[in-house]
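For the sequence shown, position 179 matches number 181 in the working numbering, and the numbering has no gaps at all. A short worksheet on the structure shown next.
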Amino acid sequence: MSNRTRSSSFRLWKALLAVTLGIGLFSAGAVWGLNQRSQEPAAPSSSSTASSPFRQEADEIPTPVPQAQSAVSVAPQATAAPGAKSFQLTVPFLSQTEDWPTGCESVSAVMALNFAGIGISVGDFIENYLPLGNPPYEAGRGRHSGYVGSDPREYFLGDPSTDFGWGCFSPVIMNALEEILADWGSDREALDLEGYTLDELCEKWVAKGTPVLVWATIDMAEPEDDITFTIEGTREQFTWVYPLHCLLLTGWDEDHYYFNDPLEGQNIAYDRWDCQVAYEYLGRQALAVE
Numbered sequence: 003m004s005n006r007t008r009s010s011s012f013r014l015w016k017a018l019l020a021v022t023l024g025i026g027l028f029s030a031g032a033v034w035g036l037n038q039r040s041q042e043p044a045a046p047s048s049s050s051t052a053s054s055p056f057r058q059e060a061d062e063i064p065t066p067v068p069q070a071q072s073a074v075s076v077a078p079q080a081t082a083a084p085g086a087k088s089f090q091l092t093v094p095f096l097s098q099t100e101d102w103p104t105g106c107e108s109v110s111a112v113m114a115l116n117f118a119g120i121g122i123s124v125g126d127f128i129e130n131y132l133p134l135g136n137p138p139y140e141a142g143r144g145r146h147s148g149y150v151g152s153d154p155r156e157y158f159l160g161d162p163s164t165d166f167g168w169g170c171f172s173p174v175i176m177n178a179l180e181e182i183l184a185d186w187g188s189d190r191e192a193l194d195l196e197g198y199t200l201d202e203l204c205e206k207w208v209a210k211g212t213p214v215l216v217w218a219t220i221d222m223a224e225p226e227d228d229i230t231f232t233i234e235g236t237r238e239q240f241t242w243v244y245p246l247h248c249l250l251l252t253g254w255d256e257d258h259y260y261f262n263d264p265l266e267g268q269n270i271a272y273d274r275w276d277c278q279v280a281y282e283y284l285g286r287q288a289l290a291v292e
């Protein structure tokens with residue numbers, strides 16, 4: 003074979019090889035592309051914050067409804083038979099001991115809200131709905147000196163995330179509950195039950211499936227008058243009660259009342275008489291979410 007013939011044949015062979023390789027590469031690329039597409043995640047939905055050609059424009063995205071996003075599913079609760087001598091609700095328990103050492107009011111309120119289907123966290127409750135005020139502090143000089151502090155009916159005194167928080171009374175938590183239910187668009191209602199006895203709270207609400215926040219004392223210890231201070235901006239004197247505590251009433255029997263106690267645990271039994279003494283001394287303060 004001549005050099006020219008060999009050269010022509012070689013060029014023809016190279017051309018055929020190129021065509022063959024091109025077809026092979028095209029087929030492999032197509033298969034690889036199909037495999038890649040089958041492995042890719044689905045395009046983000048309209049609620050995704052990631053950039054995507056499928057993302058809706060901002061004005062087309064519906065406004066999120068908190069209740070629909072974070073509602074808590076709670077199993078239906080039994081109700082007590084009329085005249086029942088014992089009954090107990092099962093309310094999911096939250097502890098205050100790790101993150102909120104003096105936040106019993108907020109933790110008890112969030113247990114009640116969660117049980118009612120409102121999926122708020124304790125952190126959200128405290129950060130956005132709990133007004134903080136000053137615990138009692140020394141002010142003035144000489145015979146005009148004394149202790150002054152914020153009104154515990156309007157503010158939580160101190161910081162519930164520390165060991166140095168004092169607490170608050172029921173109007174503070176009532177206002178927070180009303181704000182939260184409004185913000186969540188809930189048809190639930192916050193109830194101010196001040197003045198009812200513990201037996202009445204059990205009969206009218208707990209027996210019908212609604213736990214109740216009550217103000218009493220730690221371990222139902224005998225309440226004591228503590229420091230007296232002047233409410234800031236007024237001449238009103240206020241005497242603090244020690245050791246103040248807030249719990250969630252969940253049941254009763256002939257000898258005890260039962261509570262989700264954020265310091266102790268779920269459905270803790272306390273002697274009926276001790277509970278009544280502490281609750282009465284704190285002015286029969288009680289709230290519920292119904």
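By construction, the Cβ of each residue, glycine as well, lies at the ideal position given by its N, Cα and C atoms. Note that this is a predicted model, so its numbers are computed, not measured.
Beta carbon proximity, residue i to chain D, threshold 9 angstroms
i      : result
Asp161 : Going by chain labels, chain D is absent from the structure shown, which holds only one protein chain.
Nearest residue (CA-CA) to residue i, options the options
i      : options                           : result
Ser152 : Ile182, Pro245, Asp263 and Arg237 : Arg237
Ala223 : Glu191, Val243, Ser108 and Ala192 : Val243
Ile120 : Cys248, Asp276 and Trp186         : Trp186
Tyr198 : Glu100, Phe89 and Ala288          : Ala288
Buried versus exposed call for residue i [16 or more other C-beta atoms within 10 Å across all chains shown]
i      : result
Trp207 : buried
Phe127 : buried
Ser147 : exposed
Trp102 : buried
Ala32  : Confidence in Ala32 is poor, its pLDDT being 39 and thus under 50, which makes the residue's placement too unreliable to answer from.
Val21  : Because the pLDDT at Val21 is just 37, under 50, the model does not fix this residue reliably, and the point stays unresolved.
Ile122 : buried
Tyr281 : buried
Pro264 : buried
Pro94  : exposed
Cβ pair residue i, residue j closer than 9 angstroms
i      : j      : result
Thr241 : Asp165 : no
Arg286 : Glu196 : yes
Gln278 : Leu159 : no
Tyr157 : Pro138 : no
Ala209 : Ala290 : no
Bridge partners - residue i, DSSP secondary structure assignment
i      : result
Cys248 : Trp217
Residue i - containing alpha helix (DSSP H), residue span
i      : result
Glu180 : Ser172 to Asp185
Tyr272 : Where Tyr272 is concerned, there is no enclosing alpha helix (DSSP H), although the beta strand (DSSP E) it sits in stretches over Gly267 to Asp273.
Val124 : Val124 to Tyr131
The beta strand (DSSP E) enclosing residue i, as first and last residue numbers
i      : result
Leu193 : Ala192 to Asp194
Phe261 : His258 to Asp263
Ala223 : Per DSSP, Ala223 belongs to no beta strand (DSSP E) and is neither H nor E.
Leu96  : Neither: Leu96 is in no beta strand (DSSP E) and is coded neither H nor E.
Check: residue i C-beta below 8 angstroms from any heavy atom of the ligand ADP
i      : result
Ala223 : Judged by which ligands are present, the structure shown has none, so any question about the ligand ADP falls away.
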